[in-house]
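In what follows, a structure is listed as structure tokens, so that the remarks can point back to it.
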Amino acid sequence: MEVQRLADTAEQLIVSQWDDFMDGYGRATARRKRDGSPVTDTDENIESRLHTLLEKETGIAAVGEETIGCVSSRGEEVARLHDAVEGLCYWVVDPIDGTSNYLRGNPSCAILGVLISNERPLIGVTSLPAFETTITSIVGEGLTVTVRGERRCFPMRKWGADDGGEELVEALVPDFLADTRRIVSGLIERPQPRLRISGCVGANLGLVAAAGVGTTVSMSPHVWDNGAGVCHLLARGAYVTDLRGNPWSIGSDGVIGGVEETVKQLSASLRRIGR
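Okay, here's the thing in structure tokens:
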């Protein structure tokens, strides 16, 4: 199956989970995993269905956050990913990114999917059901944003070019980009080992990629949190590294993406505190 058809299929399958996602939005009850993070029946149900559907419709194996479970290191996470699938091409799913927001009825929560090929993202999907918005990208080709059925295409170009992406994101989530700029600037001046922007890594990375301007950061070490967003940023022409300034791959710690100079400043700042 060609790459564009794979992307279209993944987007359709992920959007097909919106009804179940929204049934529990602001109402679901959660239990705690071994690491203390919340999980709901909706997480497990969506992940199970997406595994089955993605494998059936694309012929490519799928794995997800709830399948891998709690891990003690990035190395263990990568090993479990490789144990769960055969080959170097597979889908990774996060059925509810931003579970705490989801439980409170905060719209910054998402369904994420990424196609990993040779340790790096090729296709990314970030679906924000509460915003009726989906971001889909293919590295080297560009990104699409669909808001309430209206689709906008953003071909890959120089990061920061004025192509309407910034206005689209500002209309969808007012003040998000300004808040992100403020947080990144503060982190460069006063680095800290942990950071919470909105409680949904996938939304943060995806919305900055859709805007095509500025710089964003994720301190999550998990491929299911970061993979789709990294794909979006690369597809839009952003400069992307891990927290230490190295090229991003599935074993990376965190993500910084956006303006090259700012990315380098932030990674240098974080290295000073050993992050």
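The sequence shown maps to residues -4 to 270 in our numbering.
No residue lacks a Cβ here, since even glycine has one placed at the ideal position from N, Cα and C.
Who are the near neighbours of serine 247 in its chain, counting only those whose CB is closer than 6 angstroms to its CB and skipping five residues on each side? Position 252 of the sequence shown, counted from the start, is the residue given in the question as residue 247. The residues are Asp237.
Please say whether glycine 194 and alanine 107 have beta carbons closer to each other than 9 angstroms? The count along the sequence shown starts at 1 and reaches residue 107 at position 112. The count along the sequence shown starts at 1 and reaches residue 194 at position 199. Residue 107 is actually leucine in this sequence, not alanine. Going by C-beta atoms, leucine 107 is not nearer than 9 angstroms to glycine 194.
Pair within 9 angstroms by beta-carbon distance, alanine 205 and valine 250: Mapped onto the sequence shown, residue 205 falls at position 210. Mapped onto the sequence shown, residue 250 falls at position 255. Not a contact, by the Cβ cut-off of 9 angstroms.
If you draw a straight line from the alpha carbon of valine 88 to that of tryptophan 219, how long is it in whole angstroms? As a working mapping, residue 88 is identified with position 93 in the sequence shown. As a working mapping, residue 219 is identified with position 224 in the sequence shown. About 6 angstroms.
Continuous alpha helix (DSSP H) assignments of at least 4 residues falling wholly in the region 155 to 237: 160 to 167, 171 to 184, 196 to 206 and 218 to 230
CB-CB under 7 angstroms to valine 134, same chain, minus the five flanking residues each way: which ones, in chain order? What you label residue 134 is simply residue 139 of the sequence shown in a count that begins at 1. For valine 134, where only same-chain residues beyond five positions count, the Cβ hits under 7 angstroms are Pro116, Leu117, Cys226, Leu229 and Ala230.
Check whether the region 12 to 24 and the region 91 to 109 touch, using three or more Cβ-Cβ pairs below 8 angstroms as the test. yes
Spatial neighbours of asparagine 168 within its chain, please: CB distance less than 7 angstroms, with the 5 preceding and 5 following residues excluded, ordered by chain position. What you label residue 168 is simply residue 173 of the sequence shown in a count that begins at 1. Looking at the sequence provided, one finds valine at residue 168 rather than asparagine. Counting only Cβ-Cβ distances below 7 angstroms, and skipping sequence neighbours, we find Leu202.
Proximity of alanine 156 and glycine 207 at Cβ, strictly below 9 angstroms: To locate residue 156, count along the sequence shown from 1; it is residue 161. To locate residue 207, count along the sequence shown from 1; it is residue 212. Closer than 9 angstroms, so yes.
Among residues of its own chain, excluding the 5 on either side of arginine 143, which ones have a beta-carbon nearer than 7 angstroms to its beta-carbon? Numbered from its first residue, the sequence shown carries residue 143 at position 148. Same-chain partners within the cutoff: Glu127.
Where does serine 32 land, buried or exposed, given buried means 16+ other C-beta within 10 angstroms? On the sequence shown, residue 32 is found 37 positions in, with the first residue counted as 1. Burial call: exposed.
Assumed close pair alanine 105, aspartate 92 - CB separation to whole angstroms, cut-off 8 angstroms: Translated into the one-based positions of the sequence shown, residue 105 becomes position 110. Translated into the one-based positions of the sequence shown, residue 92 becomes position 97. Alanine 105 to aspartate 92, Cβ: 5 angstroms. Contact.
Considering only their Cβ atoms, is the gap separating valine 73 from isoleucine 245 smaller than 9 angstroms? In the sequence shown, the residue the question calls residue 245 occupies position 250. In the sequence shown, the residue the question calls residue 73 occupies position 78. Cβ distance < 9 angstroms, so isoleucine 245 and valine 73 count as in contact.
Following the continuous beta strand (DSSP E) through tryptophan 86, name the residue where it begins and the one where it ends. Counted from its first residue, the sequence shown places residue 86 at position 91. That run of the beta strand (DSSP E) goes 84 to 92.
Out of Arg0, Lys28 and Gln7, state which residue places its alpha-carbon closest to the alpha-carbon of glutamate 61. For this step, residue 61 is matched to residue 66 along the sequence shown. Closest option to glutamate 61, Cα to Cα, is Lys28.
Report the residue from Ser122, Ser43, Val66 and Gly59 whose alpha carbon sits nearest the alpha carbon of aspartate 3. Stepping through the sequence shown from its first residue, residue 3 is reached at position 8. Cα-wise, what sits closest to aspartate 3 is Ser122.
Cβ pair glycine 232, lysine 153 closer than 9 angstroms: As a first step, residue 232 is located in the sequence shown; it is residue number 237 there, counting from the start. As a first step, residue 153 is located in the sequence shown; it is residue number 158 there, counting from the start. Cβ atoms of glycine 232 and lysine 153: closer than 9 angstroms.
Per DSSP, cysteine 148 is paired with what? Within the sequence shown, the letter at position 153 stands for residue 148. DSSP output for cysteine 148 lists Thr139 as bridge partner(s).
Paired residues, beta bridge with glycine 253 - DSSP: Walking along the sequence shown from the start, residue 253 turns up at place 258. Beta-bridge pairing links glycine 253 to Tyr234.
Along the beta strand (DSSP E) that carries glycine 9, what are the first and last residues, could you check? What you label residue 9 is simply residue 14 of the sequence shown in a count that begins at 1. Going by the sequence as given, residue 9 is isoleucine instead of glycine. Premise fails: isoleucine 9 lies in the alpha helix (DSSP H), -2 to 10, not in any beta strand (DSSP E).
Check this for me: beta carbons of proline 150 and glutamate 136, under 9 angstroms apart or not? The residue you call residue 150 lines up with position 155 of the sequence shown. The residue you call residue 136 lines up with position 141 of the sequence shown. In this structure, glutamate 136 lies closer than 9 angstroms to proline 150 by Cβ.
Taking DSSP as the reference, what is the three-state secondary structure of serine 262? Taking the sequence shown and counting its residues from 1, the one referred to as residue 262 is at position 267. The answer is helix: DSSP assigns serine 262 an H, G or I state.
Serine 68 - DSSP class collapsed to helix/strand/coil: Translated into the one-based positions of the sequence shown, residue 68 becomes position 73. Reduced to three states, the DSSP call for serine 68 is coil.
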